[in-house]
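K.L.:
For any residue, its number in our numbering is found by taking its place in the sequence shown, counting from 1, and adding 366. Every residue, glycine too, gets a C-beta built ideally from N, C-alpha and C. Computed from a prediction, not measured in an experiment: that's the story for all the values here. Following this message is one structure expressed as structure tokens.
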Amino acid sequence: MTMTRRTVLTTAAALAAASWSGLAASAGKSKSIVIFFSRTGTIKGLAQTVVKLTGADVVLELRLVKPYAANYSDMTYIAREERREGTRREISTKIPDLTPYDTIFLGTPYWWGGVSIPMRTFLMDHPLEGKTVVPFVVSGSSSPEGAWEDIRKYCPKAKVLEGFHRTQSEASGCEADLKAWLQSLKLI
Ligand SMILES: Cc1cc2nc3c(=O)[nH]c(=O)nc-3n(C[C@H](O)[C@H](O)[C@H](O)COP(=O)(O)O)c2cc1C
367 MTMTRRTVLT
377 TAAALAAASW
387 SGLAASAGKS
397 KSIVIFFSRT
407 GTIKGLAQTV
417 VKLTGADVVL
427 ELRLVKPYAA
437 NYSDMTYIAR
447 EERREGTRRE
457 ISTKIPDLTP
467 YDTIFLGTPY
477 WWGGVSIPMR
487 TFLMDHPLEG
497 KTVVPFVVSG
507 SSSPEGAWED
517 IRKYCPKAKV
527 LEGFHRTQSE
537 ASGCEADLKA
547 WLQSLKLI
């Protein structure tokens with residue numbers, strides 16, 4: 367059995383809390399990657415847990431060429447315009463060749479009726495054809511249906527599995543729910 371060290375492409379001290387000590391999946395097992403965007407850390411927390419539970423081979427945090435304004439009302443206004451206009455928000459994170467990854471976990475906050483603009487920008491460039499896509503989403507209070515619709519729209523040739531959603535107030539301490547969801551999808 368060949369073991370390779372898990373590759374960590376995020377810059378992230380913030381992800382250091384995840385268990386990185388394990389080694390990657392054995393040769394022959396399908397490879398997985400966790401790709402997420404998080405503005406205020408909620409999705410990042412879920413991404414850590416997904417990595418811990420699945421032993422995903424790589425985790426990638428989407429970072430921005432031009433970060434949003436720190437002021438919440440300014441940035442939500444800008445993001446709403448971007449959503450309305452179909453504008454991109456460019457990603458500075460170097461995206462690796464995704465060919466080796468069969469399963470792609472996508473984590474995003476829910477923004478204005480769909481996935482966040484950075485995640486939408488990523489999906490515009492990476493339609494994930496032929497991949498198994500496993501989305502997880504956090505919203506303030508909205509139902510996440512618009513996020514699943516976005517992912518199906520931007521990834522028309524991916525196999526999109528049932529997503530995981532919690533509101534922000536539910537998101538801390540939902541590890542058992544995440545585990546049950548992953549088990550129901552037979553991913554762990
Ligand atoms: C630009 C923007 C738009 C948002 N739109 C919605 C929305 O339409 N519905 C909702 O319930 N929450 C909305 N939220 C709240 C976020 O989904 C919520 O705070 C989420 O937990 C943030 O995740 P994060 O901490 O990983 O960035 C919005 C937040 C931002 C910044």
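#1: Could you check if A445 belongs to the surroundings of ligand 3, using beta carbon to heavy atom distance under 7 Å?
#2: Could you have a look at V500 and say whether DSSP puts it in helix, strand or coil?
#3: Go ahead and label K410 buried or exposed: buried means 16 or more other beta carbons lie within 10 angstroms of its beta carbon, across all protein chains shown.
#4: What are the uninterrupted segments assigned as alpha helix (DSSP H) that are 4 or more residues long and contained completely in the stretch 387-451, given in chain order?
#5: Ignore the nearest five residues each way along the sequence and tell me which others in T487's own chain have a CB closer than 7 Å to its CB.
#6: Identify, in the order they occur along the chain, each residue of the same chain with its Cβ nearer than 6 Å to the Cβ of M485, setting aside the five sequence neighbours on each side.
#7: Please state if the CB of I399 and the CB of A413 are separated by a distance shorter than 8 Å.
#8: Looking at the unbroken alpha helix (DSSP H) that takes in W514, where does it start and where does it end?
#9: Could you tell me whether the Cβ atoms of K519 and G496 are closer together than 8 Å?
#10: Between the C-alpha atoms of D440 and W478, what's the straight-line distance to the nearest angstrom?
#11: Going by beta-carbon coordinates alone, are T408 and Q534 separated by less than 8 Å?
#12: Could you say which of T420, A537, I517 and R532 lies nearest to S482 if we only look at CA atoms?
#13: Please tell me whether, using a cut-off of 7 Å, the distance from the CB of I409 to the nearest non-hydrogen atom of ligand 1 is below it.
#14: How should S505 be labelled, buried or exposed, when 16 other C-beta atoms within 10 angstroms of its C-beta is the threshold for buried?
#15: Bridge partners for T474 per DSSP, in chain order?
#16: If you run the structure through DSSP and keep just helix, strand and coil, what is D463?
#17: Sorted by chain position, which residues of the same chain lie with C-beta nearer than 8 Å to D468's C-beta, five sequence neighbours on each side aside?
#18: Among the candidates G512, L426, P462 and R446, whose CA atom is the shortest distance from the CA of Y434?
P.N.:
Based on what the coordinates show:
#1: Looking for ligand 3 in the displayed structure turns up nothing; the ligands present are ligand 1.
#2: Locating residue 500 in the sequence shown gives position 134, counting from the first residue. In the structure shown, V500 sits in a strand (DSSP, three-state: E or B).
#3: Position 44 of the sequence shown, counting from 1, holds the residue named residue 410. When all chains shown are included, K410 counts as buried.
#4: 408-420 and 438-451
#5: Here the question's residue 487 lines up with position 121 in the sequence shown. Once the five neighbours on either side are set aside, the close Cβ partners of T487 are R454, R455, E456 and I457.
#6: To locate residue 485, count along the sequence shown from 1; it is residue 119. Within the same chain, M485 has close Cβ partners F403 and T474.
#7: To locate residue 413, count along the sequence shown from 1; it is residue 47. To locate residue 399, count along the sequence shown from 1; it is residue 33. Not a contact, by the Cβ cut-off of 8 Å.
#8: As a first step, residue 514 is located in the sequence shown; it is residue number 148 there, counting from the start. E511 to Y520 is the span of the alpha helix (DSSP H), which, as asked, contains W514.
#9: Reading the sequence shown from its first residue, position 153 is the one you call residue 519. Reading the sequence shown from its first residue, position 130 is the one you call residue 496. Not in contact: K519 and G496 (Cβ atoms no closer than 8 Å).
#10: As a working mapping, residue 440 is identified with position 74 in the sequence shown. As a working mapping, residue 478 is identified with position 112 in the sequence shown. Roughly 14 Å separates the two Cα atoms.
#11: Stepping through the sequence shown from its first residue, residue 408 is reached at position 42. Stepping through the sequence shown from its first residue, residue 534 is reached at position 168. Yes.
#12: Taking the first residue of the sequence shown as 1, we reach residue 482 at position 116. Nearest to S482 by alpha-carbon distance, out of T420, A537, I517 and R532, is I517.
#13: To locate residue 409, count along the sequence shown from 1; it is residue 43. Indeed, a heavy atom of ligand 1 lies less than 7 Å from the Cβ.
#14: Counting from 1 along the sequence shown, the entry for residue 505 is found at position 139. Burial is judged here by how many other beta carbons sit within 10 angstroms of a residue's own beta carbon; S505 has at least 16 and is buried.
#15: Translated into positions along the sequence shown, residue 474 becomes position 108. Answer is V503, bridged to T474.
#16: Against the sequence shown, residue 463 aligns to sequence position 97. Here D463 sits in coil by DSSP.
#17: Within the sequence shown, the letter at position 102 stands for residue 468. Closer than 8 Å at the Cβ level, and outside the excluded window around D468, lie S396, K397, S398, K497 and T498.
#18: On the sequence shown, residue 434 is found 68 positions in, with the first residue counted as 1. Nearest option by C-alpha distance: R446.
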